[in-house]
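Since the structure comes first, as structure tokens, the remarks are kept for the end.
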Amino acid sequence: MKSSVAALTVGLVWIATTNAAKAVTIYDGTNLAQPKPDQQGWTYKGTTIYKAPSVTTSNDGITLDSGNPLNYAGYFKLSPIALDCTKGYSFTIQLKINSESHSSNNRAGFSVIAMCDIRPGETQPYGIELGFWTSNNINTIFAQNVGFNKGETAAFNTQGAITEYNLVVKDNKYQLFANKSAQPILQGSLRQYTGFTPPPGYQNPYTTSRLIFAGDNTTSATANWKLKRVDVAPITQFP
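Our numbering puts the sequence shown at residues 42 to 280.
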């Protein structure tokens with residue numbers, strides 16, 4: 042299912058006001074003393090099939106190349122604040138996809154995952170996984186459905202420059218904004234990603250409350266991407 046920005050109405054757009062005092066920076070690429078996410082409280086997980094993943098640093102973040110498409114390579118972190126998918130939260134990530142390729146039309150070489158806090162009566166939390174494409178000059182962002190096929194999709198230039206993406210979650214729905222856009226570039230419902238078995242040595246991200254992931258989590262794609270900053274914040278007002 043494709044989402045057309047032109048079809049969105051103002052009444053469907055959440056204008057989220059966040060309390061800056063409560064926003065938490067969970068990765069700052071300008072921290073030159075500790076520039077890597079795993080030096081700032083994240084956990085790195087990756088396989089090393091040749092060509093193995095590589096990470097390089099600069100004065101404004103890291104660049105990760107996941108190498109061989111059979112590799113996994115990415116960063117996990119538990120949010121230090123509640124990710125309440127009813128009351129709402131925002132997740133902001135500044136990144137650029139330098140290159141990406143995939144052999145499956147349902148997977149991407151770079152993905153982000155944001156899982157909410159589990160609520161009473163739920164067997165696992167709700168959340169959303171977004172995939173980013175650049176291959177064959179097709180710049181696309183899409184949501185992963187349960188069963189890991191491609192859901193709602195938006196055409197967007199993911200590799201032109203470092204972009205600030207703001208994922209806003211409320212009432213079991215999400216909206217994705219880019220560079221403080223007035224309208225979301227992608228929106229839909231959160232999912233419970235049931236039936237997933239993680240690779241040996243990996244936790245199941247889809248059953249883990251407050252989990253945030255950025256990287257390559259598939260053996261059918263690869264990407265080279267730059268990460269500059271990540272923030273999370275509760276939402277204090279929805280007009």
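Glycine included, every Cβ here is placed at the ideal spot set by N, Cα and C.
With a minimum length of 3 residues, the unbroken runs of beta strand (DSSP E) contained wholly in the stretch 66-152 fall at 84-87, 95-99, 102-106, 114-119 and 130-143. Counting of Cβ neighbours within 10 angstroms places Thr263 among the buried residues, the total reaching 16 or more.
Only residues of its own chain outside the window of five on either side were considered, and among them Gln135 and Asn220 have a CB closer than 6 angstroms to the CB of Glu205, listed in chain order. At least 7 angstroms separates the beta-carbon of Ala114 from that of Gly242.
Residue pairing by DSSP places Tyr215 opposite Val210 and Gly229 in a beta bridge.
Per DSSP, Ile159 has no beta-bridge partner at all. Only exposed fits Val187, as fewer than 16 other CB atoms lie within 10 angstroms of its CB. DSSP links Pro275 through a beta bridge to Tyr130.
Its Cα nearest to that of Ile276, the residue Cys126 stands out among Phe117, Thr238, Lys92 and Cys126. Listed as beta-bridge partners of Glu193 by DSSP are no residues whatsoever. Look at Asn265 here: in three-state DSSP terms it is strand. In the DSSP secondary-structure assignment, Gly168 is bridged to Met156 and Arg232. Annotated three-state conformation of Thr248 is helix, per DSSP. In this structure, the straight-line span from the alpha carbon of Thr98 to that of Thr104 is close to 6 angstroms.
The beta-carbon distance between Glu170 and Ile182, rounded to whole angstroms, is 11 angstroms. This is too long to meet the 8 angstroms contact definition. Contact between Thr133 and Asn207 holds, since their C-beta atoms are separated by about 5 angstroms, short of 8 angstroms. With a threshold of 16 other beta carbon atoms within 10 Å, Tyr68 meets it and is buried. Contact annotation: Lys137 and Ile226 have beta-carbon atoms that are not nearer than 7 angstroms. Of the residues Val210, Ala223 and Gln244, the one whose Cα lies closest to the Cα of Lys128 is Val210. With a cut-off of 8 angstroms on Cβ pairs, the stretch 109-123 is not in contact with the stretch 230-239, counting fewer than three such pairs. In the DSSP assignment, Ala184 falls within the unbroken beta strand (DSSP E) covering Thr181 to Gln185. Counting every other CB atom within 10 Å of its CB across the protein chains shown gives Asn265 a total of 16 or more, marking it as buried. It is roughly 23 angstroms from the alpha-carbon of Ser152 to the alpha-carbon of Ala64. Taking 8 angstroms as the upper bound for CB-CB distance, Cys157 and Gly168 are in contact here, some 6 angstroms apart.
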